[in-house]
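So the sequences go chain by chain: A and B. Per full-length UniProt numbering, the first sequence starts with residue 1, numbered consecutively. Per full-length UniProt numbering, the second sequence starts with residue 1, numbered consecutively. Beta carbons are placed, not taken as given, at the ideal position from N, Cα and C, and that holds for glycine. Owing to the predicted nature of the structure, the values given are computational and were not obtained by experimental measurement.
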Amino acid sequence: MIDVKALLEEMKASPFEVVEVRAPHTGIVEFVVSEPGAQVHGTTGVWNEKPGTLLAKLGREHNAKAILAPLKGEVEKVFLEHSGRFVEAGTTLFTLRHYLTKDEVISAILKKTLHLFHAPEQAKYYFTPEIDTKVKASGCKCVRVREGMDLFIVSRMKRETPLAYAGPEGLIYAVYFQHNESVAAGEPLIGVCPEELLPVIQEVVNRVQGEWEER
Amino acid sequence: MDIEKRIQGLRDRLQYIQDIFGAKENANIQLLQSKLNDFLEREQTASQSEKSKQLSALEDLFEFLERKLERDLTPMDKVRIVRHPQRICLKDILENVYDNYTELGGQDEYNIDPSMIIARAYITRRVGGKVYNQPVMVIGQEKGHGQEFRNGGSVKPWGNAKALHYMKVAETENIPIHTYVFTPGAFPIEDNPGAAQQIARNLYEMAGLTVPVITCISEGGSGGAEAIALADHRMMFSHGYYSVISPEGAAAIEGRLRSGERATPELIESCARKLKMTAEDNRVMGYVDQILGEPALGARPNHYDFFKLLRQEVIRATDSVVLNVKGWRFFRAMTLSSRRARKKGKSAEDIYVRWSLSSRAKERLVWRRYQRFRRMSLKAYMDVTPFSERANNVLGELWWDIYSFFKYDFMRKHQKKISGVMEEIGGEIQVVKDKFSAPLEWMRKLAGAGSTEAVVTETEKSLTELSCWDEGSCELGNGSYYVSPQAREDRAVTCPNAATHGCVDLWAPDLFGDFAGVCSTCGHHFRMEYQWYLHNVFDQESIYEFSRNIESGNPLSFDGLDAKLEQAKAKTGKKCACTTFEARIHGVNCVVAMLMADFRGGSVGAAEGEKFIRAAERARKKHYPFIAYVHGTAGIRIQEGVNGVIQMPRCTMAVRRYIEAGGLYLVLYDTNSYAGPVASFLGCSPYQFAVRSANIGFAGRGVIKETTGLDIPPNYHDVHQALSRGHVQGIWDRREIRKNLHQALLTMGGRNLYYR
């Protein structure tokens, strides 16, 4: 059994993710953000229409391309030695500390603890009618799945085929697909949790919700 | 109880006065306040009769000072008057002016659009012992007294569509239309049928409505007002305003404010003054025919005398419009216009005029409406054409009239006969020619000369020169090659779609020189200058510009506009944002009106409108197709005020006249096209196409946010959205414009087009 509490402690020990910002292509770098510790934000807006913080400009053939912050966070390190110099594609220019949000922590824990059942091909996925009624009536956590159970309907261009579940027995903890939306091959469809692990996971999630401080 | 009501009445009046004058200090208002307070303090101790006496004195004082304050009203105060919740609204007018009415298209909040009210009403008059019930269609925006769901009279596109529908109903029923304008502007959303496109449709249909249309303007906000205000007679309430933009909007533009910033009250006040938006200003400029005097500080629902006056004037206006186009009118028309009769207390209701029109009268009505609008704003631009050129133009037009009469009217009618006679004459001539040329032919044969030489040269040419293996591949476009200034820079350009489409960087000379500003990976269109189109769309050296001496002016003497115009003229070398020319596309003649984004954003003022109308008239006279190429337009030039707005109906009417004469009117959008022009003479075209780089809409992102509070997606005005909403008929690649335009001219020309 996985020790979810240890997992949470581990995440608490380093509550951030370090993101490297690299040069997308060759060019001469001109830093806009040069101080470590500066707060930056990623793309925002309802339609992701507002660009992130401008970190640096990369000039190639008199075309200064903006290098923007991909995520919200804090600048950890600026590689100022490249300032005004020509760099190769892939050269690291910044490292950013992105502090994990509650949702990110929970999903990271869940991805590690749950058994994920992946979509075998790109299609729209639905639960079979009886499962669907159960999910709608009393939530997905009441649905017990076991190996070989007919769980999904795979719909491609209106041609529907049943799909059986494969994996350990347990309860559906998370549903990752949306009704009527196409899922790419390899994307997780559901996360299954063994029944005995359920209270532990629930507790960890509650603790994250209550204790995790977002920055 | 009665006294309490009177006190409350005075309180309301004082509150109203304070609302109107805002934060301004005024001794008269302070006096009213203190007098009312004094009375309220003494009220407890005074007897009933004393109270009544004091109240009467106080009411007299209110009346006197209201009249005095009336003289201090500034244009911005008038704006506050029309926006006040106590201002009369259309429902009050329906109740008090008409004898009975039935609301159509929904009631109150259960309505297609509660901000637009339609009512079938009637006016009863008793003349010579007989009672006449005369039906009218009443259409107008409704602000309501504090009714939120009315959206402040800001009509959504479907509200305007409803108005249009009932205008057509009125036309079918042959009854006059009375429209009442109470709108701060149209609600700027593009949802089908689209704010701009629907206003354009309304204007187009109203230009040809065959029933009298009478308009009363209280709050005339730009495009929203125009949607129902194209009328045979326009009246305006003395405290109303009619303007291209709200004073706040003008201040935001003048003060170059960013979103979220607020203009100072002084700037707003000065903009209100400079825009010349009051009834008096509009009457002087000729955009309204008549002013209806309101009571001091504006009409409110309890001013019954004002409703009586309104009823009289609406009836009189309808009568006079009808009589002007009718055959039988002599004494009635005289009485209607006679001041003596008016002084004697003879009201418009004492004369009976039948409001339905005969078919001849309908034609006259539409023609008079066109002429009325054609004559407007003629002084709002500068025309520096020398006398000789003007005379030349007049002669030229006369020649075209005669030529087109013979070619298109006379010939078409008598085509069979004429061609028969011509064939006969041709046959006769041939016989005579053969007889006389026989000896000459004999001598040529003897001399050994023949046509073989020509054949030899042709064969030699075909054998020695490079062949043209693909149709059109040898064509060098315009011959003169245009190099964009953007192509002269040594730099690389990144496509905005690079992140999603993986576009490679392009070298500017390649992109703007060889690729016509089109990304070679994803097809994104970068902006190109209008000169590129002139060189690459039309036949070589086929462009002939006309009306080039019409120049943008500053009719309202708006501060700073002269300098801005001078700057634009120096930058572009043009005199206004519209260039009109004749050109050919693969040999097909056409007339083109082009709006250039480089000249003050392609905004349309009186000069641009006049040039556009002249181009439409020229196309009609010459029987050429008419193309409006919109390189870019930001809307109506706000600094020209109503002189700019009036171009919306004017140009639309010219376009309608052209289309009805059988012409093909085609619009092509490029870069950004917004507001007034799209909501009128461009949007009314049945054939609108767009280059892939285009953005089309009614209002920009900032204006939508400010007026509706809605955030719009980044691609809201994108041409693909416009296509899916049905606002344009197709999206063209820039490199294929010449080919597509030619094909459009051939396929949409139809049989009633006569451009060949």
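Run of the beta strand (DSSP E) containing residue i, from where it starts to where it stops
i	result
residue 630/B	626-630
residue 76/B	First-last for residue 76/B: 75-83, but that is the alpha helix (DSSP H), not the beta strand (DSSP E).
residue 150/A	150-156
residue 117/B	116-127
residue 578/B	578-585
residue 94/A	92-99
residue 163/A	159-164
residue 135/B	130-141
residue 172/A	170-175
residue 618/B	Where residue 618/B is concerned, there is no enclosing beta strand (DSSP E), although the alpha helix (DSSP H) it sits in stretches over 606-622.
Residue i burial status per 10 Å Cβ neighbour count (16 or more: buried)
i	result
residue 650/B	buried
residue 56/B	exposed
residue 416/B	exposed
residue 311/B	buried
residue 668/B	buried
residue 38/B	exposed
residue 157/B	buried
residue 704/B	buried
residue 44/B	exposed
residue 394/B	exposed
residue 126/B	exposed
residue 671/B	buried
residue 752/B	With a pLDDT of 48 at residue 752/B, under the threshold of 50, the predicted position of this residue should be treated as unreliable, and no value is reported.
residue 457/B	exposed
residue 161/A	exposed
residue 631/B	buried
residue 371/B	exposed
residue 133/A	exposed
residue 54/A	exposed
residue 47/B	exposed
residue 747/B	exposed
residue 355/B	buried
residue 279/B	buried
Start-to-end residues for the alpha helix (DSSP H) that takes in residue i
i	result
residue 428/B	415-447
residue 111/A	102-113
residue 21/B	2-21
residue 59/A	Per DSSP, residue 59/A belongs to no alpha helix (DSSP H); it is in the beta strand (DSSP E), 54-60.
residue 575/B	First-last for residue 575/B: undefined, no H or E at that position.
residue 396/B	387-404
residue 133/A	129-138
residue 271/B	265-274
Under 8 Å from the C-beta of residue i: neighbouring residues of chain B
i	result
residue 60/A	492 and 505
Within chain A, partners of residue i - CB distance below 7 Å
i	result
residue 711/B	46
residue 714/B	47 and 49
Neighbouring residues, chain B, relative to residue i (Cβ below 7 Å)
i	result
residue 65/A	494
residue 214/A	Result: empty, since nearest Cβ-Cβ is about 25 Å, beyond 7 Å.
Interface residues of chain A facing residue i [CB-CB closer than 8 Å]
i	result
residue 485/B	Result: empty, since nearest Cβ-Cβ is about 15 Å, beyond 8 Å.
Residue i CB to nearest heavy atom of the ligand FMN below 8 Å
i	result
residue 393/B	With respect to the ligand FMN, the structure offers nothing, as it holds no ligand at all.
Partner residues on chain A for residue i, Cβ-Cβ distance less than 9 Å
i	result
residue 295/B	Result: empty, since nearest Cβ-Cβ is about 49 Å, beyond 9 Å.
(Q) With three or more beta-carbon pairs closer than 8 Å as the criterion, would you say the segment 496-510 of chain B touches the segment 519-529 of chain B? (A) yes
Q) Below 8 Å, can you find three or more Cβ-Cβ pairs linking the segment 571-589 of chain B to the segment 653-667 of chain B? A) no
**Q.** Completely contained alpha helix (DSSP H) runs for the segment 167-242 of chain B, where each covers 4 or more residues
**A.** 195-207 and 222-229
**Q.** Runs of alpha helix (DSSP H) wholly within the segment 486-553 of chain B (minimum 4 residues, chain order)
**A.** 498-501 and 530-537
Q. Can you give, in chain order, each stretch of the alpha helix (DSSP H) that sits fully within the segment 326-365 of chain B and has at least 4 residues?
A. 330-337 and 339-343
Q: Ignoring anything shorter than 3 residues or poking outside the segment 625-704 of chain B, list the beta strand (DSSP E) runs there in chain order.
A: 626-630, 665-669, 672-674, 687-691 and 695-697
Q) Any chance the segment 105-118 of chain A sits against the segment 185-192 of chain A, with 3 or more Cβ pairs inside 8 Å? A) yes
Q) Between the segment 87-100 of chain A and the segment 123-131 of chain A, do at least 3 Cβ pairs fall closer than 8 Å? A) no
Q. Do three or more CB pairs link the segment 202-210 of chain B to the segment 260-272 of chain B at distances below 8 Å?
A. no
Q) Are the segment 730-745 of chain B and the segment 216-229 of chain B in contact at 8 Å, needing three or more beta carbon pairs? A) no
Q) Should the segment 56-65 of chain B be regarded as contacting the segment 78-91 of chain B, the criterion being three or more beta carbon pairs within less than 8 Å? A) no
Q. Would the segment 309-327 of chain B and the segment 269-283 of chain B be scored as touching if the rule is three or more Cβ pairs under 8 Å?
A. no
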